[in-house]
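Worksheet: one structure, shown below.
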Amino acid sequence: MTALDAQPWDLVIVGGGNAALCAAIEAAEAGLKPLILEAAPKPYRGGNSRHTRNFRCMHRGPLSVLTGSYEEDEYFDDLIRVTKGETDEALARMTIRTSEDCLPWMEAHGVAFQPSLSGTLSLSRTNAFFLGGGKALVNAYYNTAEDLGVTVAYEAEVTQIHVTGPRFEGVTAKIAGHETRIEGRGLILASGGFQADLDWLARAWGPAARNFLIRGTPYNRGVPLKAMLDHGADSVGDPTQCHAVAIDGRAAKFDGGIVTRLDCVPFSIVVNQNGERFYDEGEDVWPKRYAIWGRLVAAQPEQVAYSIIDAKSRELFMPSVYPPVEADTLDGLAQKLGLPGTKLRETVEAFNAACRDGDFHPTELDGLATEGLTPPKTNWARPITEPPFYGYSLRPGVTFTYLGLKVDETARVAGPAGRFDNIWAAGEIMAGSILGQGYLAGFGMTIGTVFGRIAGQEAAAHV
């Protein structure tokens, strides 16, 4: 491989996930010779993208594996509901509209899709699932990038970004234990959030953040983000907002990925360590509400909660990577989970008494609600009565943080003089422009794909 410091590169791309790869492919097809600096070793390349499984896509009719239609206004309404209005509407609508062209582009560059599987059928109209998951998508893009002559350096941790006024000049990267200055004519930042820096998380959230699990890559520590903020780049987003879901409390501290997510919540009651319910488990269909549960659990004592179901709900959700705790009685289950048995039994009995007769439909809002219970359960409320009983411990699992760099519709990073001349950003490092809070399944990949492609095209035109 050519010495990285022997020449100014056409384009330096920091990061090695979906957004970075889309940018590199677009730039290379426009005639540039990009360099990707990926902090992870090669087997762990791809950032959080290797843990993904689908792409949320607008379409006016059936498209590839997607059924029906999912048009701009409905897509935007879904986004508004989960963000509660905390979004840049112009950027959001542009992202939504552009997603329709992205899916065919993805297929043309090696990504294969499959129909929705059992347990995800509610997404067959809105989300296209990757055949082989995010790892297969990442590998397909790396193969395409290699064919196009893109250079990739692994275990290349960027420690400094060199900027003079509004212009990027180069980066310093630690590679094989040695720091190297690498010059470039343009810079694309696609290096994710800061969630793997537990000290930064604790400064934003308080000491409770040290109990969080980081379900994404351990290599996203926010070093390039901090460097740009120190250079006066405009920030966007709240440091306490993030994509945080409720994951299995037995998961690894880092890098557990999507398999650690639990989809049982809508069919359960969720209690804290005192055996008390604290939120409506049936508020909305899971793809629109699963990402609020990380924050809900984070607010509970010791940042832990427990999902309780019975035998009739055992097969209604995607199988968990760890088997649930099982017992023939609620008291036995409480003992195994370390919960107060009397209080758990009282909570379940109060819930059961508040359930009403009605038609149960697990894949759609069915209005089967409790009556006279606080908090209510507004859908899928069925008594928990059939043994065996099952329980899962829940912990907040952070995927990525929303504090990031402000960009415009060309993915150019905003700064003291309006914007930097030759610095663009794509993916999680700028997603806070669109995701002020909450999350919509598959939308992170949409943002990364749309802005990665735009950044690559804009950088190529500039260089």
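If you count by my numbering, then the sequence shown holds residues 1 to 463, one letter each, in order. Just so it is clear, CB atoms sit at the ideal spot from N, CA and C, and this is done for glycine as well. Since the structure is predicted, the reported quantities are computational estimates derived from the model, not experimental observations.
Would you mind stating whether residue i and residue j have Cβ atoms separated by less than 7 angstroms?
{"i": "Val365", "j": "Asn379", "result": "A small correction: the amino acid at residue 365 is Leu; Val does not occupy that position in the sequence shown. Yes, these two residues count as a Cβ contact at 7 angstroms."}
{"i": "Leu37", "j": "Ile423", "result": "no"}
{"i": "His243", "j": "Tyr390", "result": "no"}
{"i": "Arg60", "j": "Ser69", "result": "yes"}
{"i": "Phe254", "j": "Ser313", "result": "no"}
{"i": "Leu344", "j": "Gly275", "result": "yes"}
{"i": "Ile25", "j": "Ala145", "result": "yes"}
{"i": "Lys406", "j": "Val236", "result": "yes"}
{"i": "Ser122", "j": "Thr449", "result": "no"}
{"i": "Asp280", "j": "Pro376", "result": "yes"}
{"i": "Ile182", "j": "Ala173", "result": "yes"}
{"i": "Gly47", "j": "Thr151", "result": "no"}
{"i": "Ser64", "j": "Leu117", "result": "no"}
Which one of the options has the shortest CA to CA distance from residue i?
{"i": "Val321", "options": "Asp284, Val348, Lys312, Arg261", "result": "Arg261"}
{"i": "Gly432", "options": "Phe400, Ala441, Gly452, Ala417", "result": "Phe400"}
{"i": "Thr180", "options": "Leu187, Val163, Thr159", "result": "Thr159"}
{"i": "Val325", "options": "Tyr290, Arg250, Glu302, Asp408", "result": "Arg250"}
{"i": "Leu148", "options": "Ala6, Pro362, Ile454, Cys22", "result": "Cys22"}
{"i": "Thr329", "options": "Pro375, Gly358, Pro388", "result": "Pro388"}
{"i": "Asp359", "options": "Ala369, Leu4, Arg93", "result": "Ala369"}
{"i": "Arg215", "options": "Lys377, Ser49, Gly206", "result": "Ser49"}
{"i": "Ala233", "options": "Ala425, Thr95, Ala455", "result": "Ala425"}
{"i": "Gly257", "options": "Leu198, Ile292, Gly134", "result": "Gly134"}
{"i": "Glu464", "options": "Trp286, Asp421, Met445, Pro301", "result": "As shown, the chain starts at 1 and ends at 463. That puts residue 464 outside it, with no answer to give."}
{"i": "Phe76", "options": "Met58, Ser64, Thr67, Pro62", "result": "Met58"}
Quick one: residues in its chain with C-beta nearer than 6 angstroms to the C-beta of residue i, no 5 flanking neighbours on either side, listed in chain order?
{"i": "Glu371", "result": "Ala354, Arg356"}
{"i": "Gly341", "result": "Asp331, Ala334"}
{"i": "Gly545", "result": "Any property of residue 545 remains undetermined from this structure, which presents the chain solely from 1 to 463."}
{"i": "Val259", "result": "Val321"}
{"i": "Ala460", "result": "Ala27, Ala30, Leu32"}
{"i": "Trp9", "result": "Leu35, Gly184"}
{"i": "Thr2", "result": "In this prediction, Thr2 scores a pLDDT of 49, lower than 50, which makes its location untrustworthy; no coordinate-derived value is stated."}
{"i": "Ala204", "result": "Pro239, Thr240"}
{"i": "Phe470", "result": "What is shown of the chain runs 1 to 463, which leaves residue 470 out entirely."}
{"i": "Val14", "result": "Leu37, Val158, Leu189, Ser191, Pro224"}
{"i": "Leu91", "result": "Ser433, Ile434"}
Considering just the uninterrupted stretch of the beta strand (DSSP E) at residue i, what are its terminal residues?
{"i": "Ile292", "result": "Here Ile292 belongs to no beta strand (DSSP E), and DSSP marks it neither H nor E."}
{"i": "Leu66", "result": "Per DSSP, Leu66 belongs to no beta strand (DSSP E) and is neither H nor E."}
{"i": "Thr240", "result": "Neither: Thr240 is in no beta strand (DSSP E) and is coded neither H nor E."}
{"i": "Asn272", "result": "269-272"}
{"i": "Ala327", "result": "325-327"}
{"i": "Thr410", "result": "Premise fails: Thr410 is in no beta strand (DSSP E) and is neither H nor E."}
{"i": "Val463", "result": "Note, Val463: premise wrong, no beta strand (DSSP E); not H, not E."}
{"i": "Ala350", "result": "Looking at the DSSP string, Ala350 is not in any beta strand (DSSP E); the run it does join, the alpha helix (DSSP H), is 341-354."}
{"i": "Val152", "result": "151-153"}
Need the endpoints of the alpha helix (DSSP H) that residue i sits in, please.
{"i": "Ile25", "result": "18-29"}
{"i": "Trp205", "result": "198-205"}
{"i": "Pro34", "result": "Pro34 -> not in any alpha helix (DSSP H); beta strand (DSSP E) instead, spanning 34-37."}
{"i": "Pro319", "result": "Pro319 -> no alpha helix (DSSP H), and no H or E assigned at all."}
{"i": "Thr83", "result": "72-83"}
In chain order, what residues of the same chain lie with their CB nearer than 8 angstroms to the CB of residue i, ignoring the 5 residues before and after it?
{"i": "Phe130", "result": "Thr52, Arg53, Asn54, Phe55, Val111, Ala112, Phe113, Gln114, Ala136, Leu137"}
{"i": "Tyr306", "result": "Val270, Val271, Asn272, Gln273, Leu337, Leu339, Gly391, Tyr392, Ser393, Leu394"}
{"i": "Glu386", "result": "Asp310, Ala311, Lys312"}
{"i": "Ala350", "result": "Leu373"}
Who are residue i's beta bridge partners in DSSP?
{"i": "His109", "result": "DSSP, once it has assigned bridges, lists no residue as partnering His109."}
{"i": "Asn54", "result": "Phe129"}
{"i": "Gln160", "result": "Thr172"}
{"i": "Tyr392", "result": "Ser307"}
{"i": "Asp248", "result": "Leu394"}
{"i": "Leu187", "result": "Val12, Ile423"}
{"i": "His178", "result": "Ile175"}
With a CB to CB cut of under 7 angstroms and the five nearest residues on each side skipped, what residues in its chain are close to residue i?
{"i": "Gln437", "result": "Thr83, Lys84, Glu86, Gln241"}
{"i": "Pro41", "result": "Tyr154, Glu155"}
{"i": "Arg289", "result": "Glu283"}
{"i": "Asn143", "result": "Gly110"}
{"i": "Val463", "result": "Asp10, Leu11, Leu32, Arg185, Gly186"}
{"i": "Ala411", "result": "Trp424, Ala425, Ala426, Phe451, Ile454, Ala455, Glu458"}
Taking only beta-carbon atoms, is residue i less than 7 angstroms away from chain D?
{"i": "Phe360", "result": "Among the chains of the structure shown, chain D does not appear; only one protein chain is present."}
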